[in-house]
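When we follow the working numbering, the leftmost residue of the sequence shown carries the number 748, and every step to the right adds one. Think of the CB as a built atom: it goes at the ideal place given N, C-alpha and C, for glycine as much as any other residue. Some notes on the structure that comes next.
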Amino acid sequence: MKLTFFGGARSVTGSKFLIEANGEKILLECGLFQGKREATYDKNKNFPFKPSSINVVVLSHAHIDHCGNIPGLCRQGFDGMIFSTHATRDLAGILLQDSAHLQENDINYVNRKRERRGEKPFKVLYTFEDAEKAMRRFVSINYHREFTIGNGVKLKFYDAGHILGSAITELSIKENSRPVKILFTGDIGRKHMPILRDKEIVPGADYIIMETTYGDRNHHSTDNIESRLAEVINNTCKRGGKVIIPSFSVGRTQQVVYFLHELTAKKKIPEVPVFVDSPLSVNATEIFRIHPECYNEDVYRYILSNDNPFGFANCEYIREAEKSKQLNNFKKSCVIISSSGMCEGGRILHHLKNTVTDPKNTVMMVGFCAPETLGRKIVEKAPKIKIFGDEYELNAEIVVENAFSAHADRDELLSYAKSVNSNAKSFFLVHGDEDQSLAFAGHLATAGIRNSVVPREGESYDLN
Ligand SMILES: [Zn+2]
């Protein structure tokens, strides 16, 4: 039995882990490498294996760094089944179509530059049609249902608590009548977050493949997250300002809306208008609404007595561009939640342009922002920022709240590792920048777990 790391190794993008056993090739994740367009193009275009040789794909959740190259894999010859939970299939449907639009726009931009330099144009990685076709390969199964996915290979999904539908995958493989259990954590979430159930402890694996996005960093405590949000809304409303929240469309937006709903119902904040201004968020929220099987007990009970935990009287979802523009003329206090979370594009740019120079307003940053992004400059409170090529003074109050993170932090990862380490032969540490994964290996060793490995891209390991 062999395990090879083809992406998401000493890096957080492009996750692809190939298991070969009993003549089956099982690909865990098929993520997109993200970063500078031209540098990642080749890596995304040229798979390090023959796509048609893969028998099945198993997908832990719908984030693009995990599933974003599934349409590319299908376009280049993969014709097997893709296993995921029901909610992951539905979220992947909208996220892959959105990604296909971005791919088509990006390739036009890159090719105009290449043409000016006299270079040959790139071909698009995949189109909207490819994304739509790839969705037909999905076979979705519920949590805790064992399912045979290949010769001697059984699959079971457990809660990962990361985003809607996210799963920890357990593979039970019998090769030469010897059973081996492999646990792949996918991305794992924080404890006690709203909406989703907490991640599950799945002991007894022989090999563990574990994410380490925050292998060396801790987040703000999730205690009092609601009251901190209330304070921001109340202070800004007292000044007559607006609260602008740049947010990822899937997960973070629904969490924030859920909290605002609760705070409004408990009368801890005034009944200010809340606008969710992003077509993708509107679509994603629809998918949240139809998957109560993923909710924790509180939210599940809530929808039994109320109809929609993601909507309330003063909350409006905006799909049309025209309506979004009308928000520019809205003079009263309000909350605007819009994407992208890192402020690299999307409607949030218009809202920031209209609000950042006025100290009455607040920009609340609730997600991770990569270096060099506009979001990172706001987090770092740069005195001036550039939007659409123009400079604006950053006079609005800036609040950074990282308790909303969808990822477990260092201490949470460590406690998870200890709880599943009953008889693991190896811990493969993946999906983290190199410094985070290596540091986490150190923390594991200090905690007495000395069998961890930080694989490099392309490295294979025999699982015996
Ligand atoms: Zn993720």
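Out of curiosity, what's the CA-to-CA distance linking S1085 and E1009?
20 Å
What are the start and end residues of the beta strand (DSSP E) that includes T751?
749 to 754
At a cut of 8 Å, does the segment 1100 to 1119 reach the segment 1022 to 1031 through at least three beta carbon pairs?
no
By the three-class DSSP mapping on this structure, what secondary structure does S1152 have?
coil
What is the rounded straight-line gap between the Cα of L1212 and the Cα of T1104?
The question about residue 1212 has no answer, for the chain in this structure spans 748 to 1211.
Thinking just about the alpha-carbon of each residue, which of S1207, P1039, P993, N1211 is nearest to the one in V1110?
P993
Helix, strand or coil, according to DSSP, for V706 in the structure here?
What the structure shows of the chain is the stretch from 748 to 1211, and residue 706 is not part of that stretch, so it cannot be assessed.
Could you give the distance in angstroms between the alpha-carbon of V1019 and the alpha-carbon of L1007?
10 Å
N-terminal and C-terminal residue of the beta strand (DSSP E) that A1212 is part of
The shown model of the chain, from 748 to 1211, leaves out residue 1212, and the question about it has no answer.
Quick check on the contact list: which residues have their beta carbon closer than 5 Å to a heavy atom of ligand 1?
H810, D934
Kindly indicate which three-state DSSP category P1202 falls into: helix, strand or coil?
coil
Reduced DSSP category for G1058 - H, G, I as helix; E, B as strand; rest coil:
coil
DSSP on M882, reduced to helix/strand/coil?
helix
At 3 residues or longer, and completely inside the segment 765 to 825: list those beta strand (DSSP E) runs for me, N to C.
771 to 775, 803 to 805
So the beta strand (DSSP E) D934 belongs to, where does it begin and stop?
No beta strand (DSSP E) contains D934, which DSSP labels as neither H nor E.
For the segment 1027 to 1112, which segments carrying the alpha helix (DSSP H) assignment without a break, of at least 4 residues, lie completely within its bounds, in sequence order?
1044 to 1052, 1068 to 1073, 1095 to 1102
Suppose the cutoff is 8 Å on Cβ atoms and the five residues either side in sequence are ignored; what does the same chain contact list for K1165 look like?
A1194, I1196
Can you tell me whether I910 is buried or exposed, with buried defined as 16 or more other CB within 10 angstroms of its CB?
buried
With 16 as the cutoff for other CB atoms within 10 Å, does E958 come out buried or exposed?
buried
Between which two residues does the beta strand (DSSP E) containing G840 stretch?
Run containing G840: none in the beta strand (DSSP E); it sits in the alpha helix (DSSP H), 833 to 863.
Ends of the alpha helix (DSSP H) at V1167?
1157 to 1167
When burial is assigned at 16 or more other CB atoms within 10 Å of the CB, is K1131 buried or exposed?
exposed
So what does I703 bridge to, in DSSP terms?
What is shown of the chain runs 748 to 1211, which leaves residue 703 out entirely.
With a 10 Å radius around its C-beta and 16 neighbouring C-beta atoms as the bar for buried, classify I948 as buried or exposed.
exposed
Neighbour-count burial assignment, K1013, 16 or more Cβ in a 10 Å radius
exposed
So, do the segment 1075 to 1082 and the segment 1027 to 1037 have three or more beta carbon pairs nearer to each other than 8 Å?
no
Helix, strand or coil, according to DSSP, for S1207 in the structure here?
strand
Residue from Q850, H848, I888, C1090 whose Cα sits closest to the Cα of F904
I888
For Y1005, the first and last residue of its enclosing beta strand (DSSP E):
Not the beta strand (DSSP E): Y1005 falls in the alpha helix (DSSP H), residues 999 to 1012.
May I have the straight-line CA-CA distance separating A914 from L930, to the nearest angstrom?
11 Å
Assuming the contact rule is C-beta atoms closer than 8 Å, N802 and I773 should be a hit. Round their C-beta distance to whole Å, please.
7 Å
Using three-state DSSP, classify D1137 as helix, strand or coil.
strand
Let me know if E776 comes out buried or exposed under the rule of 16 or more other beta-carbons within 10 Å of its beta-carbon.
buried
Tell me which residues share the same chain as N898 and place their Cβ nearer than 7 Å to its Cβ, disregarding the 5 neighbours each side in the sequence.
N769, G770, E771
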